[in-house]
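Residue numbers (this note's numbering), protein chains in the order written: chain A, 7 to 307; chain B, 392 to 763. Where a beta carbon is used, it is the ideal one built from N, C-alpha and C, also for glycine.
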Amino acid sequence: MGDFLVTCLQAATPIWLAALAGMYAQRAGVVHLGLEGLLVSGAFAATATAVGTGSIVLALAAAVAVNLVLSALFWVLTTYFKANVMIVGLGLSLTAAGATGYALVVVFGSEAAIRSPIGLPRPFDGLSGPLAPLGDLSIVTFAAVVLSWFAWWSIRRTRAGLRLSACGSDPFAAKSAGVPVERYRLAALLIGGFLCALAGAELSLAQVQSFSDGISQGRGYLAFAAVLLGGVAPVGVSVASLFFGLAAALGIQSQVDFNDALPPQFVLMAPYVVTIVAISVTALANRRRGRQQTVIMERTL
Amino acid sequence: MRRLLGDGRVAEAVRPIVVVALSLLLAVGVFGLSGYPVAGIVGGAVEGSVGSAAAWTQTLRWAIPLLIIALGVGITFQAGYFNVGAQGQMYAGAIGALAVGLALRDGPAIVVVPLALATGVALGALWALVPGVLRTRLGADEVVTSLMMNFIAVLLLEWICVGPLKNQDGSGQAATTDMLPAAFRISDGSGVSPLMLGICAVLVIAAVALRSRTRMGLEIRIVGRNPVMAEWMGIRSSRVGLLVFGLGGATAGLAGAVEVFGPLGSLRAGFSPQMGFMAVIVALVAALGPVRTLVAALFFGALRAATLYLPVVNDLPLAGLDMLNGMVALWITVSAVPVILARRAARRTQGAATVAAPVEKPVEKEAVGEHG
Chain A
7 MGDFLVTCLQ
17 AATPIWLAAL
27 AGMYAQRAGV
37 VHLGLEGLLV
47 SGAFAATATA
57 VGTGSIVLAL
67 AAAVAVNLVL
77 SALFWVLTTY
87 FKANVMIVGL
97 GLSLTAAGAT
107 GYALVVVFGS
117 EAAIRSPIGL
127 PRPFDGLSGP
137 LAPLGDLSIV
147 TFAAVVLSWF
157 AWWSIRRTRA
167 GLRLSACGSD
177 PFAAKSAGVP
187 VERYRLAALL
197 IGGFLCALAG
207 AELSLAQVQS
217 FSDGISQGRG
227 YLAFAAVLLG
237 GVAPVGVSVA
247 SLFFGLAAAL
257 GIQSQVDFND
267 ALPPQFVLMA
277 PYVVTIVAIS
287 VTALANRRRG
297 RQQTVIMERT
307 L
Chain B
392 MRRLLGDGRV
402 AEAVRPIVVV
412 ALSLLLAVGV
422 FGLSGYPVAG
432 IVGGAVEGSV
442 GSAAAWTQTL
452 RWAIPLLIIA
462 LGVGITFQAG
472 YFNVGAQGQM
482 YAGAIGALAV
492 GLALRDGPAI
502 VVVPLALATG
512 VALGALWALV
522 PGVLRTRLGA
532 DEVVTSLMMN
542 FIAVLLLEWI
552 CVGPLKNQDG
562 SGQAATTDML
572 PAAFRISDGS
582 GVSPLMLGIC
592 AVLVIAAVAL
602 RSRTRMGLEI
612 RIVGRNPVMA
622 EWMGIRSSRV
632 GLLVFGLGGA
642 TAGLAGAVEV
652 FGPLGSLRAG
662 FSPQMGFMAV
672 IVALVAALGP
682 VRTLVAALFF
692 GALRAATLYL
702 PVVNDLPLAG
712 LDMLNGMVAL
722 WITVSAVPVI
732 LARRAARRTQ
742 GAATVAAPVE
752 KPVEKEAVGE
762 HG
């Protein structure tokens with residue numbers, strides 16, 4: 007049981023942090039489909055640096071640096087060059103997937119996975135007794151708990167957090183009240199880049215300690231779904247991510263436990279189905295409550 | 392939509408070309424900087440895409456599915472719906488077509504093949520109608536739902552390939568299905584045949600006709616450009632919405648069916664993973680016009696053929712193509728020039744008295760979810 011919970015947490019952590027990143031962006035009014043790309047770039051930068059320098063601090067720093075640059079690029083393209091947010095996000099994800107696969111070959115000479123000599127520290131390693139499974143959790147998982155609290159605090163309890171939310175829910179009102187909307191969006195995206203760097207490092211340096219092409223397997227999109235499933239609120243997003251972690255762990259478990267009764271693929275489908283249902287129910291509830299949506303929201307494609 | 396199409400027809404035509412050219416330059420620059428011979432890569436790319444009959448076949452092989460999907464994606468986008476679920480719809484169509492083909496493997500090809508293709512079309516359309524209905528009836532955001540449907544389809548395909556339709560020949564091939572009988576295949580392994588080219592031609596003509604010769608095509612574009620006006624004109628936009636989702640899904644499903652009955656012959660878990668997103672890029676580069684979609688699909692098909700050929704001659708990694716596609720997607724909706732020009736013009740006329748930025752942009756980032 008303890009082992010299973012730990013597996014859930016391990017599976018949830020990258021999604022969780024990326025979902026917090028997506029939540030900041032969405033609160034600021036940026037639909038962030040680039041989470042997947044930031045996860046991959048963070049994972050690659052961290053692993054490559056870890057292999058090159060052998061230092062976990064430098065690895066994390068490199069991941070953060072790369073993701074801050076990419077997030078700033080995202081902001082510049084959507085703000086100054088008026089590009090479509092969703093397409094730039096998808097483009098960022100595609101570019102990162104391709105570029106890391108390419109860099110893997112160029113830098114390390116093969117398409118095989120690169121192994122890192124070091125992993126993320128595990129603060130509770132070596133415990134015995136009922137708490138022993140905690141030893142398998144990397145420091146990033148504990149950071150995710152703290153960062154969730156920080157997200158809640160910063161959004162609900164600080165002036166900047168309220169302004170950030172205003173940028174998303176009503177940019178015109180925010181602008182009229184003197185909030186520099188674009189700068190808040192940049193800040194949200196940079197925070198997101200930082201969180202995705204941690205998520206990426208967790209992905210590649212926590213358990214597997216290696217980077218391979220396609221390591222993220224759509225977790226970034228899952229995180230995006232968690233943002234919406236969690237109602238773009240810190241607590242909700244965290245719960246949604248933990249639920250996705252649970253589903254992933256169950257998928258792993260079901261391969262062992264009831265191999266023929268229920269194929270693991272169907273267990274793994276659960277998060278997506280739940281997301282679709284939850285989004286539909288939310289939309290329906292909004293409609294019932296009289297918040298009539300315009301027939302078709304005009305997208306500036 | 393308006394922004395994507397630009398203001399003048401010239402800008403409309405030139406911008407995608409500039410974007411693609413810049414991305415190509417950038418990609419070749421990256422290849423050069425990382426130590427690959429630039430001349431060799433350019434030469435190899437030309438050779439591998441248009442340099443010989445075999446190269447042309449490869450180009451067409453990849454252009455065909457891209458074209459079929461992108462035509463449907465273009466129609467959906469024209470109506471202002473951002474359906475990014477082409478990948479899943481393609482998988483659904485491929486699964487349906489293959490299941491019919493394998494179930495009736497002793498039947499006559501002349502009956503089974505059309506039936507299988509029709510099944511693929513229908514399943515693709517159904518797969519797309521899930522986000523379509525949720526969008527038009529409940530208002531659930533179609534970007535998210537269609538994206539989620541992609542992942543469900545990926546897992547469904549994986550299950551099909553290791554479960555019910557797993558190949559029985561005991562070759563130990565992990566996640567593949569049985570081969571279709573050779574009589575059912577509409578092309579050989581090269582993936583190009585007169586029949587497939589004929590299908591493409593019919594689809595392009597149909598798309599052109601729909602766009603410029605029918606009332607429905609006009610309604611689709613009005614709904615995309617100005618939904619409020621569409622309502623006032625008595626256009627039932629929810630019906631138009633369902634129609635475009637259905638059409639987009641149907642073409643993607645057809646592409647999946649054609650892939651199975653053409654070049655592939657059997658299904659493998661996660662085949663052609665980037666096809667759906669590439670088709671979206673093709674549709675965007677083509678600015679949603681059917682004929683331009685044909686040109687763009689040919690170009691990206693050639694690119695695909697070239698990047699499959701380059702690893703053979705230059706050891707260039709295949710991932711370079713994904714990088715290039717991604718870059719095109721990154722810049723393709725950029726509209727810096729008009730904005731900068733407008734700003735400059737405004738500054739000139741209004742002088743220094745302007746306080747706020749003269750070019751305020753309209754709401755372009757509406758929130759998808761609710762901010763609790």
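Around the Cβ of A/M7, a 10 Å sphere holds fewer than 16 other Cβ atoms; the residue is exposed. Taking 8 angstroms as the cut-off, the Cβ atoms of B/A454 and B/L689 count as close. The Cβ atoms of B/A621 and B/G465 lie no closer than 8 angstroms to each other. In this structure, the CA atom of A/G40 is about 18 angstroms from the CA atom of A/Y278.
Residues of chain A whose Cβ lies closer than 9 angstroms to the Cβ of B/A710 are, in chain order, A103, G104, A105, T106, G107, Y108, A109, L110, V111, E117 and D219.
Against chain A, the beta carbon of B/W550 has neighbours under 8 angstroms at P269, Q271 and F272, listed in chain order. Close partners of B/G680 in chain A (Cβ separation under 7 angstroms) are lacking, with about 14 angstroms as the shortest Cβ gap. The distance from the Cβ of A/C173 to that of A/A34 is about 5 angstroms, consistent with a contact at the 8 angstroms cut-off. If you check each beta-carbon in the region 528-542 of chain B against every beta-carbon of chain A, the ones closer than 7 angstroms belong to L529, G530, A531, D532, V534, V535, T536, L538, M539 and F542.
In the three-state scheme derived from DSSP, where H, G and I count as helix and E and B as strand, A/K88 is classed as coil.
The C-beta distance from B/V635 to B/I596 rounds to 19 angstroms, too long to meet the 8 angstroms contact threshold. Residues of chain B with a Cβ closer than 8 angstroms to the Cβ of A/R293 are, in chain order, L529 and G530. B/I466 has a beta carbon lying at 8 angstroms or more from every beta carbon in chain A.
The bridge partners DSSP lists for B/T568 are B/K557. Within the region 687-710 of chain B, the residues whose Cβ lies closer than 7 angstroms to any Cβ of chain A are, in chain order, P708 and A710. C-alpha of A/V36 to C-alpha of A/V94: approximately 11 angstroms in a straight line. Under the Cβ distance rule, B/I408 does not count among the residues neighbouring chain A, no pair being separated by less than 8 angstroms. For the pair A/P20 and A/L204, the Cα-to-Cα distance works out to about 8 angstroms.
B/G589: member of the alpha helix (DSSP H) spanning P585 to R604, first to last residue. Proximity of A/Y30 to chain B, defined by a Cβ-Cβ separation below 8 angstroms, is not satisfied.
Beta bridge pairing from DSSP links B/F668 with no other residue.
Residue nearest to A/G28 within the set A/A239, A/A291 and A/L256 is A/A239 (criterion: CA-CA distance). Contact check for A/L234 against A/A78 fails: the beta carbons are separated by 8 angstroms or more.
In this structure, the straight-line span from the alpha carbon of A/G141 to that of A/L15 is close to 12 angstroms. In this structure, the CA atom of B/V429 is about 14 angstroms from the CA atom of B/A697. Along the region 412-489 of chain B, the alpha helix (DSSP H) occurs as fully enclosed runs of 4 or more residues at 429-441 and 444-469, listed in sequence order. For the pair A/W81 and B/R604, the Cα-to-Cα distance works out to about 41 angstroms.
With respect to the C-alpha of A/S247, the residue from A/F217, A/G135 and A/A229 having the closest C-alpha is A/A229.
C-alpha of B/G484 to C-alpha of A/G206: approximately 34 angstroms in a straight line. If you compare the alpha carbons of B/R659, B/V411, B/L709 and B/N705 with that of B/L547, the shortest gap goes to B/R659.
Using a Cβ-Cβ cut-off of 8 angstroms, A/G226 does not count as an interface residue toward chain B, since no Cβ of chain B sits closer than that to its own. For A/I197, the closest Cβ of chain B is not nearer than 8 angstroms. Excluding its 5 nearest sequence neighbours in each direction, B/L493 has C-beta neighbours in its own chain below 8 angstroms: L556, T568, D569 and L571, listed in chain order.
Per DSSP, reduced to three states, the secondary structure at B/R659 is strand.
Distance from the Cα of A/R121 is smallest, within the candidate group A/P270, A/A253, A/A52 and A/W22, for A/A52. Runs of the alpha helix (DSSP H) spanning 4 or more residues and lying entirely within the region 146-234 of chain A occur at 165-175, 177-182 and 187-211, in chain order.
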